[in-house]
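Chemist: Numbering follows the UniProt record's numbering, with no gaps: position 125 of the sequence shown is 125. For each residue, glycine too, the CB sits at the ideal point set by N, CA and C. Please read these numbers as outputs of a predicted model, since none were measured by experiment.
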Amino acid sequence: MKQSETKKVAKVALPYICKTCDYFTPRKSSYYKHLATDKHQLLQLETHLKQNETKVAKSCKQVSTTSYMCDKCETEFKSRTTHWRHKKTCTGEIKNSDENSSDLSHFANVFVDAMKQNTELFKELIEHSNEANHQSNSLIKEISQQNTIVVEKLCELSKEKSMTNCHNTNTNTNNFNLNVYLNETCKDAMNMSEYIEMLNPQLSDLEAMIYLGFSKGTSKIFLNGLKEMDNNQKPIHCSDLKREVFYIKEANQWQKDSDNNNILLVKAIRQIINKNIRNIIEWQKTHPEYNDPDSKQNDVYNKIIMESMSGSTQEETNKNMAKIFRILAKETTINKNISE
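1. Which value, in whole angstroms, describes the spacing of the CA atoms of residue 331 and residue 312?
2. Near residue 251, which residues of its chain fall below 8 angstroms by C-beta distance, leaving aside the five closest residues on each side in sequence?
3. Are the stretch 276 to 294 and the stretch 182 to 200 in contact at 8 angstroms, needing three or more beta carbon pairs?
4. For chain C, check one thing: does any of its Cβ atoms lie closer than 9 angstroms to the Cβ of residue 185?
5. Ordered along the chain, which non-local residues of its own chain (more than five positions away) have a Cβ less than 7 angstroms from that of residue 209?
6. Check the DSSP bridge columns for residue 247 and list the partner residues they point to.
7. Let me know if residue 321 comes out buried or exposed under the rule of 16 or more other beta-carbons within 10 Å of its beta-carbon.
8. Under three-state DSSP, which class holds residue 334?
9. Among 293, 234, 43 and 259, whose alpha-carbon lies nearest the alpha-carbon of residue 249?
10. Whole-angstrom Cβ separation of residue 334 and residue 237, contact assumed at under 8 angstroms?
11. State the DSSP-derived secondary structure class of residue 69, mapped to helix, strand or coil.
12. Can you list, in chain order, the residues of its chain whose CB lies under 7 angstroms from that of residue 254, leaving out five sequence neighbours each side?
13. Would you mind sorting residue 211 into buried or exposed? The rule is 16 or more other CB atoms within 10 Å of its CB.
14. Compute the Euclidean distance between the alpha carbons of residue 221 and residue 194, then round it to the nearest angstrom.
15. With distances taken from CA atoms, which of 33, 18 and 16 is nearest residue 315?
16. Going along the chain, which residues of its own chain have a beta-carbon closer than 8 angstroms to the beta-carbon of residue 79, five neighbours each way excluded?
17. Taking the alpha-carbon positions, what's the residue 31 to residue 327 distance?
18. Do residue 279 and residue 203 have their C-beta atoms within less than 9 angstroms of each other?
19. Using the beta-carbon count (16 or more within 10 Å), is residue 172 buried or exposed?
20. Tell me whether residue 29 is buried or exposed, calling it buried when 16 or more other Cβ atoms sit within 10 Å of its Cβ.
21. Any heavy atom of the ligand MN closer than 8 angstroms to the CB of residue 316?
22. Within 10 angstroms of the Cβ of residue 298, are there 16 or more other Cβ atoms? Answer buried if so, exposed if not.
23. State the Cα-Cα distance for the pair residue 258 and residue 180, rounded to the nearest angstrom.
24. From which residue to which residue does the alpha helix (DSSP H) around residue 195 run?
25. State buried or exposed for residue 201, treating a residue as buried only when at least 16 other CB atoms are found within 10 Å of its CB.
26. Would you grab the beta carbon distance between residue 40 and residue 20 for me? Rounded to a whole angstrom, and I think it's under 8 angstroms.
27. In the DSSP assignment, what are the bridge partners of residue 23?
28. Can you name the residues that DSSP bridges to residue 228?
29. Report all residues from its chain with a CB closer than 8 angstroms to the CB of residue 319; omit the five preceding and five following residues, and keep chain order.
30. Grab the span of the alpha helix (DSSP H) containing residue 299 for me, first residue to last.
31. Nearest to residue 206 by alpha carbon, out of 301, 72 and 86?
32. What number of angstroms, rounded off, separates the C-alpha of residue 38 from the C-alpha of residue 45?
33. Less than 8 angstroms between the CB atoms is what I'm expecting for residue 178 and residue 239, so what's the real figure, rounded?
34. Whose C-beta lies closer than 6 angstroms to the C-beta of residue 295 among residues of the same chain, with five residues either side of it excluded?
35. For my contact list, residue 329 and residue 197 are in at a C-beta cut-off of 8 angstroms; report their separation, rounded to the angstrom.
36. Determine the DSSP secondary structure at residue 77, reduced to helix, strand or coil.
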């Protein structure tokens with residue numbers, strides 16, 4: 001006899017679901033942020049309006065009960081017996097039915113009430129929108145005034161410091177030329193695509209995502225190879241730390257990636273993410289109890305899955321990418337004080 005085997009399913013964190021917007025997220029904080037968005041509140045209002053329409057439809061259905069119509073005068077009767085008696089004496093003259101008038105009047109009243117409710121809801125929505133716009137415009141105006149004052153003060157400070165820093169600035173500028181540094185000093189640098197192909201993330205990098213988090217963990221993998229290379233061999237340099245201006249070597253040419261929304265850098269980061277995720281299958285082989293909900297391996301596995309993804313929403317993904325940019329900019333900034 002075959003013994004039935006019970007399979008234990010891995011524990012997976014239940015997502016927070018908004019049925020109104022068809023939105024879900026594993027993070028409680030993201031769920032509450034979603035509830036406060038204008039999109040969610042508008043859909044809630046639309047749902048309320050649809051419920052009112054449903055009430056009207058039900059009332060119409062109640063009015064439209066089974067009726068019997070005279071073939072000669074087109075008069076309707078609710079009672080089959082009354083209809084039969086009428087047919088015996090009907091002369092074919094069309095008459096208005098009091099019962100139909102009563103039904104139509106009832107339907108009209110229900111419809112008017114529903115329309116009044118909808119109108120009031122729309123008025124509330126418009127008033128809320130106007131009030132929000134007024135507050136927003138006032139805030140923008142106030143911020144604009146504050147920014148003007150700040151800019152004026154900065155201009156005054158820059159004029160005061162320009163005299164004292166002029167000599168040092170000119171000296172540094174004359175000593176460093178970015179084009180010469182990239183095209184001469186770093187002319188033999190590796191292409192970015194070749195560098196990414198060379199990277200080989202390990203299982204330890206995958207597990208490090210648990211305590212480092214997505215942004216720091218991904219940046220660590222990216223920088224692992226760069227730390228072993230000379231500056232003139234690296235495929236990436238940051239010329240401006242504050243503005244995060246990146247130059248990428250690709251197709252044997254240096255390109256200012258910041259002018260193209262960092263498309264080359266984003267592509268490289270995504271390739272690293274995919275390489276790291278592919279190691280999950282190998283991790284499963286070396287940790288056979290990962291699917292057992294009662295084992296510690298299962299907890300580690302769930303955390304790895306959670307931290308290896310770039311984000312559950314586009315907004316979260318963009319924030320994580322921005323964090324990676326800041327880390328890479330800090331680690332790849334050119335030291336302009338060193339002579340060529």
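Modeler: Reading from the atomic positions:
1. Within the sequence shown, residue 331 is the residue found at index 331, counting from 1. Within the sequence shown, residue 312 is the residue found at index 312, counting from 1. Rounded to the nearest angstrom, the two C-alpha atoms are 28 angstroms apart.
2. Indexing the sequence shown from 1 puts residue 251 at position 251. Excluding positions up to five away in sequence, the list reads 191.
3. no
4. In the structure shown, chain C cannot be found, because there is only a single protein chain.
5. Your numbering for residue 209 matches position 209 in the sequence shown. Cβ neighbours of residue 209 beyond the five flanking positions: 217, 304, 307 and 308.
6. Residue 247 sits at position 247 when you count from the first residue of the sequence shown. In the DSSP output, where bridge partners are listed per residue, residue 247 has 237 and 256.
7. Indexing the sequence shown from 1 puts residue 321 at position 321. Buried, by the Cβ-count rule.
8. As a working mapping, residue 334 is identified with position 334 in the sequence shown. Coil at residue 334, not helix or strand.
9. Numbered from 1 along the sequence shown, position 249 holds the residue referred to as residue 249. Per the Cα distances, 234.
10. On the sequence shown, residue 334 is found 334 positions in, with the first residue counted as 1. On the sequence shown, residue 237 is found 237 positions in, with the first residue counted as 1. The pair is a contact, with the Cβ atoms about 5 angstroms apart (cut-off 8 angstroms).
11. Start at 1 with the first residue of the sequence shown, and residue 69 comes out as number 69. Residue 69: strand per DSSP, three-state reduction.
12. Here residue 254 is taken as the residue at index 254 of the sequence shown, counted from 1. Closer than 7 angstroms at the Cβ level, and outside the excluded window around residue 254, lie 182, 183 and 247.
13. Start at 1 with the first residue of the sequence shown, and residue 211 comes out as number 211. Exposed, because fewer than 16 other Cβ atoms sit within 10 Å of the Cβ of residue 211.
14. The residue you call residue 221 lines up with position 221 of the sequence shown. The residue you call residue 194 lines up with position 194 of the sequence shown. Spanning the two alpha carbons is a distance of roughly 15 angstroms.
15. What you label residue 315 is simply residue 315 of the sequence shown in a count that begins at 1. For the residues 33, 18 and 16, the minimum Cα distance to residue 315 belongs to 33.
16. Indexing the sequence shown from 1 puts residue 79 at position 79. These residues qualify, in order along the chain: 68.
17. Position 31 of the sequence shown, counted from the start, is the residue given in the question as residue 31. Position 327 of the sequence shown, counted from the start, is the residue given in the question as residue 327. Roughly 28 angstroms separates the two Cα atoms.
18. Position 279 of the sequence shown, counting from 1, holds the residue named residue 279. Position 203 of the sequence shown, counting from 1, holds the residue named residue 203. Taking 9 angstroms as the Cβ cut-off, residue 279 and residue 203 qualify as a contacting pair.
19. Against the sequence shown, residue 172 aligns to sequence position 172. Model confidence at residue 172 stands at a pLDDT of 46, short of 50, so the residue's coordinates are unreliable; what they give is reported in the following sentence. Exposed, since its Cβ has fewer than 16 Cβ neighbours within 10 Å.
20. As a first step, residue 29 is located in the sequence shown; it is residue number 29 there, counting from the start. Answer is exposed; the Cβ neighbour count stays below 16.
21. In terms of ligand content, the structure shown is empty, and the ligand MN therefore cannot be addressed.
22. For the purposes of this step, residue 298 is taken as the residue at position 298 of the sequence shown. Residue 298 should be labelled buried.
23. Locating residue 258 in the sequence shown gives position 258, counting from the first residue. Locating residue 180 in the sequence shown gives position 180, counting from the first residue. Those two C-alpha atoms are separated by around 19 angstroms.
24. Sequence index remark: in the sequence shown, residue 195 carries index 195 (1-based). Here the alpha helix (DSSP H) through residue 195 covers 192 to 198.
25. Counting from 1 along the sequence shown, the entry for residue 201 is found at position 201. It counts as buried.
26. Mapped onto the sequence shown, residue 40 falls at position 40. Mapped onto the sequence shown, residue 20 falls at position 20. 7 angstroms between Cβ atoms; contact.
27. Locating residue 23 in the sequence shown gives position 23, counting from the first residue. Its beta-bridge partners are 18.
28. Taking the sequence shown and counting its residues from 1, the one referred to as residue 228 is at position 228. Paired residue(s): none; residue 228 is not in a bridge.
29. On the sequence shown, position 319 is the one that residue 319 refers to. 311, listed in sequence order.
30. If you number the sequence shown from 1, residue 299 lands on position 299. Taken as a continuous stretch (DSSP letters only), the alpha helix (DSSP H) holding residue 299 covers 296 to 308.
31. For the purposes of this step, residue 206 is identified with residue 206 of the sequence shown, where counting begins at 1. That would be 301, whose Cα lies nearest to the Cα of residue 206.
32. Walking along the sequence shown from the start, residue 38 turns up at place 38. Walking along the sequence shown from the start, residue 45 turns up at place 45. Cα to Cα, the separation comes out at about 11 angstroms.
33. For this step, residue 178 is matched to residue 178 along the sequence shown. For this step, residue 239 is matched to residue 239 along the sequence shown. Correct: roughly 6 angstroms between the Cβ atoms.
34. Against the sequence shown, residue 295 aligns to sequence position 295. Here the set comprises 289.
35. Looking up residue 329 in the sequence shown gives position 329. Looking up residue 197 in the sequence shown gives position 197. 23 angstroms between Cβ atoms; not a contact.
36. Stepping through the sequence shown from its first residue, residue 77 is reached at position 77. Residue state, collapsed to three classes: strand.
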